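Just so we're aligned, residue 1 is where the sequence shown starts under UniProt numbering, counting upward by one. Just so it is clear, CB atoms sit at the ideal spot from N, CA and C, and this is done for glycine as well. Just so we're clear, the structure is a prediction, and the values are computed from it rather than from any experiment. Beneath this line is the structure, given in structure tokens, with notes to follow.
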Amino acid sequence: EDVLPPTRGRLTSRDELDTQFDMDTEDDKARSKAAAIPIRQSDLDTLPSRVATLKISERIDRSISPQKKSKSTIDSPSVTPRQGVSPAPVSRRSENTPSGVTSTLKRRPIAADRTNTLRDYNERLEGRDLLNLVVVGHVDAGKSTLMGHLLVKLKVVDDRAMHRNRTEAARLGKDSFSFAFVLDESEEERSRGVTMDIAQAQFKTKTKIVNLVDAPGHKDFIPNMINGAAQADVGILVVDSRRGEFETGFEYGGQTREHALLLRSLGVSQLICAVNKMDTIEWSQDRFEEIVKKLSAFLKPSGYKDADVTYVPVSGWTGENLITPNNPPLSWYNKDESTSNTTVNGVIHGATLVDLIDRLKPPERPISKPFRFCISDIYRATGVGAGTVSIAGRIECGGVEVNERAILRPSNDQVTIKSIQIENTNVTSAFAGDNVTLNIQGVDPTHLFIGNVVCDPEYPIPCATVIQARIIIFNISVPIIPGTPAVFHFKSMQEQAKIMTLVEELDRLTGELKRRNPRLLPKNSSGVIELVLHRQICCELYSDVKELGRFMLRQSGLTMAAGIITRIIT
Ligand code: GTP
Ligand code: MG
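Here it is as structure tokens:
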């Protein structure tokens, strides 16, 4: 009875593609317990009373008095009802739930009256699949240039705008960055020739509507890169093919591996590796094959299946092989008819970058689950009426229509969705997978934070301060012990956290129990931990909504571990 758009028919669910994190046992599920705690006004009093674009860097040091724990249990309504909206019916949450076994999420049947909006939604997609694509890779690999040039070739950016970019680049003495300026729009990015924050654009291919996110490569801006990656379904990993340059990016400490690992940990399983700057190495087949070999030897054990990774030789600067095939320098790539369009070790001979984007499998869109919208940016709305606030982010599941009521978590403010925008265009409804701006009314702006979730009032998202999680530990220098502090990166937000308890050490490959209550968790191991968060967050069990159940732990600018939430303790 789930009404899914017809274009979703040939989807492969992301569940099938996940390898690294599909380790949940029935036992875990049995131990899972969800308890959402109402947050008090007094808890929020210390927050600044302004609405602004709250960038990650501004949030990081903001402290708040510790949360008071409440003893709510699974059977108590988790939302304090206020005027207007009826409380969550308790029975709905505990229905069919044997005691002690809890999933936090029930499917929300799609009401018949959503059928029309779903039809509009499909019309908006013009029979195409929606794909959120993030472009990552080491600093200066040519990400912005490659994607900027692609946008020019696809006529998303017109000649006049491109002419302005050229003039501006010449004025700054940065001629070679003219295509990068399509995406690097801030003054500082342009004068430094470095992407600092994510940039977004949309383009269409034969089968896809692509929401593009260009991420920064410099390691100082990894939190911004994670913010972009958190919205993505698929990725393009750009590497610089020049001798020495590929190697620098690929080394320990370079961003090629770190970005690939972060993407995989965030649930991205399909990757296009763009071997860039091929014009500078005379389109050498040997060098291309050498890079493909090195990358695939690393990507496979990192959790990417061979079938989900492709490699393409390109030049972002000269524009070869972006949308037009068969250029003379690439004759070895396009070689004979027999190899054309067959995949050999991830290389599809003759395929351009756009061909490969067209071939990506669209992810499953959990449209029939309850509405959850995760806030990644907040700003004062202009021209949409007094008392309205604009919030940007991604709809993780369910759908929403204009004039619907929703609830903000954890503050429990009741809000009305006044309007919905996608790419600056007003729409009447939006669904899972859409990156949108919602203009909402009824919210106290001081309650709004990045990472908060606007959701279905009848099926509110759980909030947590203590969670149990399964983590995979990266190549860290100091082992994790009880009490280890970490920064918890979750979607676009970050929060101070502490690893309180080491519950189990697991075999990294098989997930089997190695030891209970280990003294420490060493590098490259895997384990179950209990994590205490400085402030309450909105999250789901990984088994309920993957996108809202996975996180990253970082410390002193390095990623320590990636994890999935297996239990919400309080
Ligand atoms: P960050 O976002 O700062 O990590 O860099 P980026 O990966 O976006 O690189 P960007 O596009 O800013 O390009 C860096 C430099 O590489 C610029 O000078 C580009 O002109 C140059 N470049 C990018 N692609 C190519 C290419 O295909 N060939 C040549 N010759 N130069 C390129
Ligand atoms: Mg860039």
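If we count the other Cβ atoms within 10 Å of its Cβ and call it buried at 16 or more, is ALA170 buried or exposed?
Exposed, by the Cβ-count rule.
When you compare the CB positions of LYS498 and LEU506, do they come within less than 8 Å of one another, or not?
Not closer than 8 Å, so no.
Contact belief for VAL309 with ASP214 at Cβ below 8 Å, rounded distance in angstroms
Their Cβ separation, rounded to whole angstroms, is 20 Å, which puts VAL309 and ASP214 out of contact at 8 Å.
Residues around the ligand MG, please: the ones whose beta-carbon is closer than 5 Å to some heavy atom of it, in chain order.
In chain order, the residues that have a beta carbon nearer than 5 Å to some heavy atom of the ligand MG are LYS143, SER144 and THR195.
ALA486 beta carbon less than 8 Å from that of LEU548
In this structure, ALA486 does not lie closer than 8 Å to LEU548 by Cβ.
Alpha helix (DSSP H) containing ASN122: first to last residue?
Counted as a single uninterrupted DSSP element, the alpha helix (DSSP H) harbouring ASN122 occupies residues 115–125.
Give the straight-line distance between the Cα atoms of ILE529 and VAL139, rounded to the nearest whole angstrom.
If you draw a straight line from the Cα of ILE529 to the Cα of VAL139, it is about 34 Å long.
Taking the DSSP output, what are the residues bridged to GLU547?
DSSP, once it has assigned bridges, lists no residue as partnering GLU547.
Reference residue 572, options ARG242, ILE564, PHE288 and ILE226, closest by Cα:
Any answer about residue 572 is impossible in this case: the structure gives the chain only from 1 up to 570.
Residues of its chain near VAL268, where Cβ-Cβ distance is below 8 Å and the 5 sequence neighbours each way are ignored
Excluding positions up to five away in sequence, the list reads VAL134, ALA229, ALA232, ASP233, VAL234 and GLY235.
Out of PRO301, ASN276, GLY217 and ASP175, state which residue places its alpha-carbon closest to the alpha-carbon of ARG243.
Of PRO301, ASN276, GLY217 and ASP175, the residue nearest in Cα terms is ASN276.
I think ALA386 touches ILE472, with their Cβ atoms under 8 Å apart; what is that distance to the nearest whole Å?
That pair is no contact at about 48 Å.
Output needed for PRO325: all residues of its chain with C-beta closer than 8 Å, excluding positions within five of it in sequence on either side, in chain order.
Excluding residues within five positions, the ones whose Cβ falls inside 8 Å are ASN334, GLY350, ALA351, THR352 and ASP355.
ILE375: which of ILE367, LYS361, LYS369 and SER390 sits nearest, CA to CA?
If you compare the alpha carbons of ILE367, LYS361, LYS369 and SER390 with that of ILE375, the shortest gap goes to SER390.
Please list the terminal residues of the continuous alpha helix (DSSP H) segment that includes ASN165.
Start and end: 159–171.
Runs of beta strand (DSSP E) wholly within the segment 169–223 (minimum 3 residues, chain order)
Scanning the segment 169–223 from its first residue to its last, the whole beta strand (DSSP E) runs of 3-plus residues come out as 199–204 and 208–214.
Rank GLN494, LEU520, MET196 and ALA199 by C-alpha distance to the C-alpha of residue 574 and give the top, closest one.
Because the chain here runs from 1 to 570, residue 574 falls outside it and cannot be looked at.
Pairwise C-alpha distance: GLY316 and PRO223
Straight through space, the alpha carbons of GLY316 and PRO223 are spaced by roughly 25 Å.
Counting along the chain, where does the beta strand (DSSP E) carrying VAL354 start and finish?
Membership of VAL354 in any beta strand (DSSP E) is not indicated; the residue belongs instead to the alpha helix (DSSP H) covering 353–359.
For GLU126, does the count of other Cβ atoms within 10 angstroms reach 16, so buried, or fall short, so exposed?
Its Cβ having fewer than 16 others within 10 Å, GLU126 is exposed.
Taking 7 Å as the cut-off, is the CB of SER176 close to at least one heavy atom of the ligand GTP?
At least one heavy atom of the ligand GTP is found less than 7 Å from the C-beta of SER176.
Counting pairs of beta carbons, one from the segment 192–203 and one from the segment 528–546, are three or more of them closer than 8 Å?
No: fewer than three Cβ pairs fall under 8 Å.
Should HIS163 go down as buried or exposed, given a rule of 16 or more other Cβ atoms within 10 Å for buried?
Classification for HIS163: exposed.
Tell me whether GLY235 counts as near the ligand GTP, meaning its Cβ is closer than 7 Å to at least one heavy atom of that ligand.
Not so, every heavy atom of the ligand GTP lies at least 7 Å from the Cβ.
Assuming ILE440 and ILE417 make a contact with CB atoms under 8 Å, what is their CB distance in whole Å?
Between ILE440 and ILE417 a beta carbon distance of about 6 Å is seen, short of the 8 Å cut, so the two are scored as contacting.
For chain B, find out if any of its Cβ atoms is closer than 8 Å to the Cβ of ASN321; answer yes or no.
Among the chains of the structure shown, chain B does not appear; only one protein chain is present.
Going by other Cβ atoms of all chains shown within 10 Å of its Cβ, with 16 needed for buried, is GLY557 buried or exposed?
Exposed.
Counted within 10 angstroms of its Cβ, other Cβ atoms place ALA297 as buried (16 or more) or exposed:
Flag for ALA297 reads exposed.
ILE476 to GLN468 span [Cα, whole Å]
Their Cα atoms are separated by approximately 21 Å.
Three-state secondary structure (DSSP) at ALA386?
In this structure, DSSP gives ALA386 a state outside helix and strand, which the three-state scheme calls coil.
Cβ-based burial, ARG82 [other Cβ within 10 Å; buried from 16]:
At ARG82 the pLDDT is 29, less than 50, meaning the model places this residue with poor confidence; the figure from the coordinates comes in the next sentence. When all chains shown are included, ARG82 counts as exposed.
Same chain, Cβ closer than 8 Å to PHE428, five either side skipped, listed in chain order
Checking the sequence shown, residue 428 turns out to be Thr, not Phe. Here THR428 has THR117, ASP120, GLU401, VAL402 and ILE420 as same chain residues with Cβ atoms under 8 Å from its own Cβ, once five neighbours each way along the sequence are excluded.
Since VAL314 is in the beta strand (DSSP E), which residue starts that stretch and which ends it?
Per DSSP, VAL314 belongs to no beta strand (DSSP E) and is neither H nor E.
Assigned secondary structure, GLU320 (DSSP; H/G/I helix, E/B strand, else coil)
Three-state result, GLU320: coil.
Is it buried or exposed for TYR311, if we count other Cβ within 10 angstroms and need 16 for buried?
TYR311 is buried by the Cβ-count criterion.
Nearer than 7 Å: is that true of the beta carbon of HIS218 relative to any heavy atom of the ligand GTP?
It does: the Cβ of HIS218 is within 7 Å (strictly closer) of some heavy atom of the ligand GTP.
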